[in-house]
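Below is one structure, written out as structure tokens; the observations come after it.
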DNA sequence: TTGAAAGCGCTAACAC
DNA sequence: GTGTTAGCGCTTTCAA
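Chains as they are written, first to last, in full-length UniProt numbering: chain A, 1 to 338; chain B, 1 to 338.
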């Protein structure tokens, strides 16, 4: 900037003013400065500006993995919403492991953003609690999180209930639920707690049965799968081999539902005639599964809108009690359960 | 840092030294400093450090969209590879539009990273050429890019050739190719040029036919679809309605192939018995399509490894001619064409 | 082993 | 309208 100033025969300050359009600058001066900028190929140093300004116009979204489609789509929603407010979104991957999440956060890496949205799978209450909150931090997910953080969660139990009620409503009586690692068949004492999302969804399965006065067969809780299509496929094939004969399957994520569809196809069962299937997440691709996958829509855009709105209010200096929101969910019925 | 120094009764410099473990610092001093850090909850200001150091240990990957699975999986590969070299990866979305890409890049936003990997869909030669290269910039994609940039591209024509040759080899004689917006049926004079990826893949379709002495029916070039499952589904349904009766379909992306599978299912055609299908990208999910989708694997990990290796060498100050690499491709055969 | 000075590139505040 | 001064928080350099 000094070079530009010298070349244009003005002070650094004038250059800065021209570049930011802040003060009224004489037309001739302006032109000379812009010429100098051009000739020297000058580009402003954002790092310096930030150091000075104490803000970066950038919000970070930390997700466990980029390639879990749910998070990719969530990131897209956030990018749009953040852009609507004149900021940029940057996405970083925590690696789903506790360590990953922390190293991405703790080492003051946080501080280089105006605000952080953290999808907190894998962090314990205490770890979240230990995060300093020099800037707005919004937590996403199902953790029981410290009161002082803003928190947006999904209507997990409610969504699962909708899905299973729909399956029961169309006549299914042996609805299996395909769930993640931390949820085993009743009484297995599976290791609890990393992320209760799936537990909540399985809970919705129970509630739905209770709603209509049915007692579900707990052996139909197919837990322990990884949160992947592969994991779900294996667990379903095993269940079929064991003679569990479900007439419907609720998978706690769409990715897992794809694995369920693949497994049923492997086994020569027709969807939805022999077995109906419903997922959770309503990924864009679910419309194109074969058959089209019924799924619970968790309202990603809604999540992004709410989270960003909270962030903007905090950044504007507004003071208010920590926000605690739960998304409205909605069941989208397609061929897999029609 | 001043506060910490004061509290510990030392100078800022000593605090800095303790925090960075750079100089030998007396054990007692060290302890006092760390105590002060703890008590004050001090966290280093990375922006300031960066301003001083001129480096940020962060590499940016700019992709058109987060929620195109190909890019999400690419980002994951890059995150791993970059982490292997002790840096962080940050992903930003360009919006696929020319404007998006430029605003993400030009305004010196680039400069805040040690290096940038740009998936250049949508930029013209001149626009890319105008990018200053104060730091390493690796281009991904099929652009004809200025010589001075390092460039990693996919073996598009070769991959498509493999795919179509496979289909012809198993007896197909009416292989349709489902392609993107810029590729119309021969003679339509479709607007060329935004991104020649798809053109290259359709070219491979021609080459494969030529390889075995066949002349393809150009009406089987189903171009003009958006690069989405939806677009592909529509274009295939239209082609079926028009009586084109393909006995195999090569889709230029896996996402589009999902749309093809959905369309064939809609039309009551069996895959692979009535129509075989092959995609391109080998997304993780393609193994779980129904039936499993045969696809060309473009070697994302290979791309990431090469690109990051180039970056590291440039950052280490090594001088060498711009690198120009093409990934080795490989056909993965699954149920959709078995 | 520790510290003082200087400066990375920018801009707010205040002259002129 | 334009310039001067000071300082954001850090680290390199060199002296003590």
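Using N, Cα and C, we set each Cβ at its ideal position, and we do this for glycine too.
Computed from a prediction, not measured in an experiment: that's the story for all the values here.
Which residues of chain A have a Cβ atom closer than 7 Å to the Cβ of residue i, listed in chain order?
i, result
"residue 112 of chain B", "46 and 47"
Verify the CB distance criterion: does residue i have a CB-CB separation below 8 Å to chain B?
i, result
"residue 93 of chain A", "yes"
"residue 251 of chain A", "no"
"residue 73 of chain A", "yes"
"residue 5 of chain A", "no"
"residue 261 of chain A", "yes"
"residue 79 of chain A", "yes"
"residue 275 of chain A", "no"
"residue 189 of chain A", "Caution applies to residue 189 of chain A, whose pLDDT of 35 falls short of 50 and renders its modelled position unreliable; the value that the coordinates give is listed next. No, because no Cβ of chain B sits closer than 8 Å to the Cβ of residue 189 of chain A."
"residue 16 of chain A", "no"
Is there at least one Cβ from chain A nearer than 8 Å to residue i's Cβ?
i, result
"residue 90 of chain B", "yes"
"residue 149 of chain B", "no"
"residue 229 of chain B", "yes"
"residue 270 of chain B", "no"
"residue 336 of chain B", "no"
"residue 318 of chain B", "no"
In the DSSP assignment, what are the bridge partners of residue i?
i, result
"residue 330 of chain A", "A/297"
"residue 119 of chain B", "B/140"
"residue 325 of chain A", "A/152"
"residue 221 of chain A", "A/177"
Three-state secondary structure (DSSP) at residue i?
i, result
"residue 153 of chain B", "strand"
"residue 92 of chain A", "strand"
"residue 61 of chain B", "strand"
"residue 86 of chain B", "coil"
"residue 242 of chain A", "coil"
"residue 43 of chain B", "coil"
"residue 187 of chain A", "Caution applies to residue 187 of chain A, whose pLDDT of 36 falls short of 50 and renders its modelled position unreliable; the value that the coordinates give is listed next. Three-state DSSP puts residue 187 of chain A in coil, outside helix and strand."
"residue 21 of chain A", "coil"
"residue 399 of chain B", "Lying outside 1 to 338, the shown extent of chain B, residue 399 of chain B is not represented and no answer is given."
"residue 209 of chain B", "helix"
"residue 286 of chain B", "helix"
"residue 164 of chain A", "helix"
"residue 233 of chain A", "helix"
"residue 147 of chain B", "coil"
"residue 226 of chain B", "coil"
"residue 114 of chain A", "coil"
"residue 273 of chain B", "coil"
"residue 109 of chain B", "coil"
"residue 318 of chain A", "coil"
"residue 71 of chain A", "helix"
"residue 306 of chain B", "helix"
"residue 215 of chain B", "coil"
"residue 76 of chain B", "helix"
Can you name the start and end residues of the beta strand (DSSP E) that residue i belongs to?
i, result
"residue 248 of chain B", "248–251"
"residue 178 of chain A", "175–178"
Starting from residue i, trace the alpha helix (DSSP H) both ways and give me its first and last residue.
i, result
"residue 279 of chain B", "Residue 279 of chain B -> not in any alpha helix (DSSP H); beta strand (DSSP E) instead, spanning 276–280."
"residue 46 of chain B", "46–53"
"residue 264 of chain A", "254–266"
"residue 8 of chain A", "2–8"
"residue 126 of chain B", "125–129"
Which residues in chain B have a C-beta closer than 8 Å to the C-beta of residue i? List them in chain order.
i, result
"residue 69 of chain A", "67, 69, 72 and 285"
"residue 290 of chain A", "261, 262, 265, 289 and 290"
Can you pull the chain B neighbours of residue i, defined as C-beta to C-beta under 7 Å?
i, result
"residue 125 of chain A", "Ordered by position in chain B, no residue passes the 7 Å Cβ test against residue 125 of chain A, which lies about 19 Å from the chain."
"residue 51 of chain A", "47, 48 and 51"
Find the residues of chain A that neighbour residue i, judging by a C-beta separation of less than 9 Å, and give them in chain order.
i, result
"residue 115 of chain B", "Those do not exist, as residue 115 of chain B stays about 15 Å from chain A at its closest Cβ, beyond 9 Å."
Under 8 Å between beta-carbons, which chain A residues line up against residue i? List them in chain order, please.
i, result
"residue 233 of chain B", "288"
"residue 76 of chain B", "65, 66, 67 and 93"
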